[in-house]
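Visitor: What follows is a structure written as structure tokens; I'll ask about it next.
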Amino acid sequence: MDAANFEQFLQERIKVNGKAGNLGGGVVTIERSKSKITVTSEVPFSKRYLKYLTKKYLKKNNLRDWLRVVANSKESYELRYFQINQDEE
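Position 25, counted from 1, in the sequence shown is what our numbering calls 184; the numbers after and before it change by one each time, with no gaps.
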């Protein structure tokens, strides 16, 4: 998964005041450092909305079968691979 591509996807899709792509003139900022993307907002921003957009990105790039979105703390999400346990009998 390309972090720069995901960052671009978020910049195009996040809606502020009902308009996608403008990020409210600096109200919402998206920063990337290596494989970590940070979204900060000066107005109330739903964590659930960010999860929705992440799932939409994974589906668009056919990664939804391999990765899942998991809340690792109250203020963040991370992507993890599905655990596939093959119990042979």
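Don't be surprised by glycine CBs; every beta carbon is placed ideally from N, CA and C.
(1) Between the region 193-212 and the region 165-174, can you find at least three pairs of beta-carbon atoms closer than 8 angstroms?
(2) For the alpha helix (DSSP H) containing Leu122, name the first residue and the last one.
(3) May I ask which residues mark the beginning and end of the beta strand (DSSP E) holding Glu190?
(4) Under 9 angstroms, do Leu226 and Tyr236 count as touching if we go by C-beta distance?
(5) Which of helix, strand or coil does DSSP assign to Arg227?
(6) Label Val187 either buried or exposed according to how many other C-beta atoms from any shown protein chain fall within 10 Å of its C-beta, with 16 as the threshold for buried.
(7) Taking DSSP as the reference, what is the three-state secondary structure of Leu169?
Guide: Answer, in terms of the structure:
(1) yes
(2) The requested residue 122 is not part of the displayed model; the chain covers only 160 to 248.
(3) 187-192
(4) no
(5) strand
(6) buried
(7) helix
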